[in-house]
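> Structure provided below as structure tokens; questions to follow.
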Amino acid sequence: MLNKEFLDTLTPVEIQMVHQYINILFKNKITSSTANYENLETSVDECPYCHCKHIVRNGHNNKTGRQRYLCKNKECGHTFEATTNTFFSHSKAKYQTWLTFIGCEVVGLSLRQESVITGVSVTGCFNMRHKLYNALRDYQQSQKLKGTCEVDATYVPINLKGWNPDDMPRFSKRRGKHKPDSQHPNLRGISHHKICIVSAVDEYDHILFRIAGLGQETFEMYNKFKDHFSEKCMIVADSKPCIAEFASANHLEADIIPSGEFKSPKLNTLAALNQLHQEFSELIRRKHGVGTRHLQGYIDWLVMTKRLRYRTDAKKMNTEIYMNIMKNSVNWTTDDICHIPMPIDLDEAYYEFMTDVNQLHQHIS
Ligand SMILES: [Zn+2]
Numbered sequence: 005m006l007n008k009e010f011l012d013t014l015t016p017v018e019i020q021m022v023h024q025y026i027n028i029l030f031k032n033k034i035t036s037s038t039a040n041y042e043n044l045e046t047s048v049d050e051c052p053y054c055h056c057k058h059i060v061r062n063g064h065n066n067k068t069g070r071q072r073y074l075c076k077n078k079e080c081g082h083t084f085e086a087t088t089n090t091f092f093s094h095s096k097a098k099y100q101t102w103l104t105f106i107g108c109e110v111v112g113l114s115l116r117q118e119s120v121i122t123g124v125s126v127t128g129c130f131n132m133r134h135k136l137y138n139a140l141r142d143y144q145q146s147q148k149l150k151g152t153c154e155v156d157a158t159y160v161p162i163n164l165k166g167w168n169p170d171d172m173p174r175f176s177k178r179r180g181k182h183k184p185d186s187q188h189p190n191l192r193g194i195s196h197h198k199i200c201i202v203s204a205v206d207e208y209d210h211i212l213f214r215i216a217g218l219g220q221e222t223f224e225m226y227n228k229f230k231d232h233f234s235e236k237c238m239i240v241a242d243s244k245p246c247i248a249e250f251a252s253a254n255h256l257e258a259d260i261i262p263s264g265e266f267k268s269p270k271l272n273t274l275a276a277l278n279q280l281h282q283e284f285s286e287l288i289r290r291k292h293g294v295g296t297r298h299l300q301g302y303i304d305w306l307v308m309t310k311r312l313r314y315r316t317d318a319k320k321m322n323t324e325i326y327m328n329i330m331k332n333s334v335n336w337t338t339d340d341i342c343h344i345p346m347p348i349d350l351d352e353a354y355y356e357f358m359t360d361v362n363q364l365h366q367h368i369s
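For the sequence shown, our numbering begins at 5 and goes up steadily by one.
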């Protein structure tokens with residue numbers, strides 16, 4: 005086993021030999037044609053369909069020569085390969101392309117820039133991006149908030165980027181000054197046109213950052229995520245009744261910052277959370293707005309990379325992310341990306357326009 009203890013026993017000249025040997029391996033094994041399959045082929049230990057461990061080797065794929073397996077579970081009986089139902093099952097991009105792409109995402113490049121660097125088309129990069137983000141969908145679930153925990157909400161407007169105009173549930177916004185009439189009632193500043201994102205950061209930098217619903221934050225929105233908080237959390241928040249209610253309903257200690265002040269009685273602030281909100285609005289600005297359908301994906305990516313930055317060298321970030329996602333099951337074709345369910349109910353958001361839209365449709369037909 006090549007571990008640190010073993011390496012510590014080596015003399016300088018032996019280490020030099022190992023180093024040269026690894027360099028040769030590196031040059032031979034990692035080339036532009038290295039497939040993702042090669043990272044997975046030695047670690048097949050269960051059926052990707054039923055997770056049964058009783059699997060046998062079952063010949064090779066005629067075209068690619070890759071090892072095939074058969075599941076011996078009588079109710080399943082699927083044949084599969086190392087990449088089946090993993091992150092790479094529908095991906096043509098090679099190992100190096102994925103590493104480069106992940107690096108581009110870490111520094112926040114645009115799809116056009118990523119396309120130039122990776123040689124993949126802009127659409128291909130779009131698909132890779134959302135596949136990557138989707139692989140992180142359970143990342144926040146695995147983080148339980150502990151200790152002192154700053155809690156607050158932030159808001160973004162609904163964004164229908166990428167929607168077919170015929171499916172739009174609202175009229176286009178009219179710019180400039182205009183008088184409200186029956187078709188364009190004055191509905192400025194309606195609160196349920198904004199998306200509420202509940203957020204929390206604890207003293208160990210665990211993060212909760214999830215879309216909670218439409219309109220002003222409520223007790224129910226916070227309570228949806230109560231499982232993210234461990235029993236001994238202390239909630240630090242502004243003096244909002246819904247957060248105090250959330251804390252008391254879940255028997256959590258609360259340290260409330262009085263209105264008009266920056267510090268709580270126990271001298272806590274919302275500084276870490278405000279920093280996160282700032283990074284979030286910076287991300288939205290840099291992307292020129294993010295479609296609501298993909299919003300949680302962008303948030304998950306922000307949360308994951310922020311966590312990773314605390315403990316990983318910039319050089320290693322892409323390989324670390326690659327290792328995190330490679331066994332993750334994203335059984336996705338590119339077609340599914342445009343059909344991610346909306347995280348909010350558009351009918352609820354735009355109900356006051358709905359009668360008008362119906363009238364309009366009648367008028368057209
Ligand atoms: Zn099976």
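We treat Cβ as the ideally placed atom computed from N, Cα and C, and that holds for glycine.
With which residues is E257 paired in a DSSP beta bridge?
M238
> Along the chain, where does the beta strand (DSSP E) that runs through N62 open and close?
Per DSSP, the unbroken beta strand (DSSP E) holding N62 starts and ends at I59 to H64.
> Who sits around ligand 1, taking every residue whose Cβ is closer than 6 Å to one of its heavy atoms?
C51, Y53, C54, C56, C75, N77, C80 and H82
> By the 10 Å Cβ neighbour count, where 16 or more other Cβ atoms means buried, how is Q279 classified, buried or exposed?
exposed
> Taking the C-alpha atoms as reference points, what is the distance between Y41 and L312?
25 Å
> Around the Cβ of N3, are there at least 16 other Cβ atoms within 10 angstroms (buried) or fewer (exposed)?
Since the displayed the chain opens at 5 and closes at 369, residue 3 lies outside it and no answer follows.
> Taking M238 as the reference, which of E257, F229 and P16 has the closest Cα?
Residue E257 is the option with its Cα nearest to M238.
> Does the beta-carbon distance from K135 to G295 come in below 7 Å?
no
> Rounded to whole angstroms, what's the CA-CA distance from D340 to N131? Just pull it up for me.
10 Å
> Just the C-alpha distance for S93 and L11, rounded to the nearest angstrom, thanks.
S93 and L11: Cα-Cα distance of roughly 36 Å.
> Could you tell me how far apart the beta carbons of Q71 and E45 are, in whole angstroms, since I believe they sit closer than 8 Å?
7 Å
> Let's see if you can read the secondary structure: which residues bound the alpha helix (DSSP H) around D317?
Element bounds for D317: n/a, residue is neither H nor E.
> Which residues mark the beginning and the end of the beta strand (DSSP E) in which P161 is found?
T152 to P161
> So N332 and L103 are supposed to be a Cβ contact under 8 Å. How far apart are they, rounded?
Rounded, the Cβ-Cβ distance is 16 Å, inconsistent with contact.
> Measuring only the C-alpha atoms, how far is R289 from F91?
29 Å
> Taking a contact to mean a Cβ-Cβ separation below 7 Å, would you say Q300 touches P345 in this structure?
Taking 7 Å as the Cβ cut-off, Q300 and P345 do not qualify as a contacting pair.
> Only counting the same chain, and skipping five residues up and downstream in sequence, which positions put a Cβ closer than 6 Å to that of V22?
none
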